[in-house]
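S.K.: Residue numbers for the sequence shown follow UniProt numbering, beginning at 3 and rising by one. Next up is a structure, given as structure tokens.
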Amino acid sequence: ERANNNLLYLNDVNVSFDGFKALRGLSLVIAEGEMRAIIGPNGAGKTTMMDVITGKTKPDTGDVYFGGDIDLTRRDEADIASLGIGRKFQKPTVFESHTVWDNLQLALSGKRSVFAALFHNTDAREQARIDEILETTRLGHLRNRLAGGLSHGQKQWLEIGMLLAQDPKLLLVDEPVAGMTDEETVQTATLLRRIAETRSVVVVEHDMTFVRDLGVKVTVLHEGSVLAEGSLDHVSADQKVIDVYLGR
Ligand code: ADP
3 ERANNNLLYL NDVNVSFDGF KALRGLSLVI AEGEMRAIIG PNGAGKTTMM DVITGKTKPD
63 TGDVYFGGDI DLTRRDEADI ASLGIGRKFQ KPTVFESHTV WDNLQLALSG KRSVFAALFH
123 NTDAREQARI DEILETTRLG HLRNRLAGGL SHGQKQWLEI GMLLAQDPKL LLVDEPVAGM
183 TDEETVQTAT LLRRIAETRS VVVVEHDMTF VRDLGVKVTV LHEGSVLAEG SLDHVSADQK
243 VIDVYLGR
């Protein structure tokens with residue numbers, strides 16, 4: 003199972019909350035450089051799965067391996083983040099009273115306070131890195147704007163840029179297009195595909211138009227385990243998936 007190009011490997015993971023099984027025997031493999039979409043009805047275990055990968059929730063049983071043989075179940079959240087796992091939550095959290103550029107500088111510096119980050123001298127390498135992220139996120143023309151004045155979509159892209167500053171090997175993204183316009187949704191798919199050229203991405207999303215646009219392999223979760231896996235066309239033709247989405 004654990005081939006060399008597997009970046010993330012969840013093996014038979016079980017998580018219970020007060021006897022309720024949120025994850026039951028969940029197994030999942032994400033390859034190096036792969037983007038995967040995770041779908042499934044409410045309560046399927048998508049958030050719990052993300053929490054297990056980032057170490058926020060520990061499995062009762064089962065294993066989580068990263069980069070081949072690093073056992074994440076034995077590490078804490080900060081340690082897991084520093085190994086190269088970045089997580090984007092649904093709501094954007096940017097420093098609204100600072101510019102786009104300062105937000106990226108802050109993320110890049112890894113400083114704990116805005117004050118410390120802004121008074122830290124940005125060297126040429128850091129400036130080049132910020133320019134590169136501005137290019138990836140297409141936010142270059144907004145570099146001197148206050149983050150608080152950006153559109154909802156632009157804030158989401160800025161926060162994704164802030165995560166890129168940490169240079170994660172794996173980026174976990176939770177419902178990125180919720181609340182976005184159709185045009186922002188299309189641009190977000192393009193952005194994530196661009197990011198996935200150099201790292202792995204796991205996207206949890208309900209918007210099927212967006213998932214179709216991503217054009218990646220889909221994993222359908224249901225009752226804490228994998229119900230179906232494959233292209234969106236493949237899983238959406240699966241009778242088990244149809245029954246679950248129609249509530250049968
Ligand atoms: P999804 O993200 O797919 O909607 P979740 O992972 O949030 O699913 O939840 C899976 C199940 O586990 C749900 O039934 C939810 O109520 C339950 N659950 C999740 N977190 C907790 C918790 N901290 N305490 C109790 N139950 C929880």
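Backbone N, C-alpha and C fix where the C-beta goes; we use that ideal spot for every residue, glycine too.
If you draw a straight line from the C-alpha of D235 to the C-alpha of R214, how long is it?
M.R.: One C-alpha to the other measures close to 9 Å.
S.K.: CA-CA distance, S159 and T190?
M.R.: Per the sequence presented here, residue 159 reads as Trp, with Ser not at that position. Taking the straight line from one Cα to the other gives about 8 Å.
S.K.: To which residues does DSSP link H224 through a beta bridge?
M.R.: Answer by DSSP bridge pairing, in chain order: S227.
S.K.: For M37, I'd like the list of residues in its chain whose CB is within less than 6 Å of its CB, leaving aside the five on either flank, ordered along the chain.
M.R.: Same-chain partners within the cutoff: A198, V203 and V218.
S.K.: If I measure Cβ to Cβ from G155 and keep anything under 6 Å in the same chain, skipping five residues before and after, which residues do I get?
M.R.: So the list reads M182 and E186, once near-sequence residues are dropped.
S.K.: Are the CB atoms of G47 and G226 nearer to each other than 7 Å?
M.R.: For G47 and G226, yes; Cβs fall inside 7 Å.
S.K.: When the Cα atoms are used, what is the spatial distance from residue 1 to V96?
M.R.: No answer is possible for residue 1: the residues shown for the chain start at 3 and end at 250.
S.K.: Under 8 Å by Cβ, that's how I've got G88 and L30 pegged, so tell me the actual separation to the nearest angstrom.
M.R.: About 18 Å separates the two Cβ atoms, so there is no contact after all.
S.K.: Compute the minimum distance between the beta carbon of T50 and the heavy atoms of the ligand ADP, and state whether it is under 6 Å.
M.R.: Yes, the ligand ADP has a heavy atom inside 6 Å of this Cβ.
S.K.: Spell out a yes or no on whether the segment 50-67 and the segment 126-141 are touching, meaning 3 or more CB-CB pairs, one atom from each, closer than 8 Å.
M.R.: Not touching, per the Cβ criterion.
S.K.: With a threshold of 8 Å, are at least 3 pairs of Cβ atoms found where one atom belongs to the segment 66-74 and the other to the segment 20-28?
M.R.: As far as the Cβ criterion goes, the segment 66-74 does not touch the segment 20-28, which means the pair count is below three.
S.K.: Cutting at 7 Å between CB atoms, please list the residues of its own chain near T124, excluding the five before and the five after it.
M.R.: Excluding positions up to five away in sequence, the list reads Q107.
S.K.: Which term fits E161, buried or exposed, when burial requires 16 or more other beta carbons within 10 angstroms of its beta carbon?
M.R.: With 16 or more Cβ atoms within 10 Å of its Cβ, E161 is classed as buried.
S.K.: Between V15 and Q241, what straight-line distance do the alpha-carbon atoms span, to the nearest angstrom?
M.R.: Taking the straight line joining both Cα atoms gives about 25 Å.
S.K.: So, for T50: in the same chain, excluding its five sequence neighbours on each side, which residues have a beta-carbon less than 7 Å away from its beta-carbon?
M.R.: Excluding residues within five positions, the ones whose Cβ falls inside 7 Å are V17, A24, L25 and T59.
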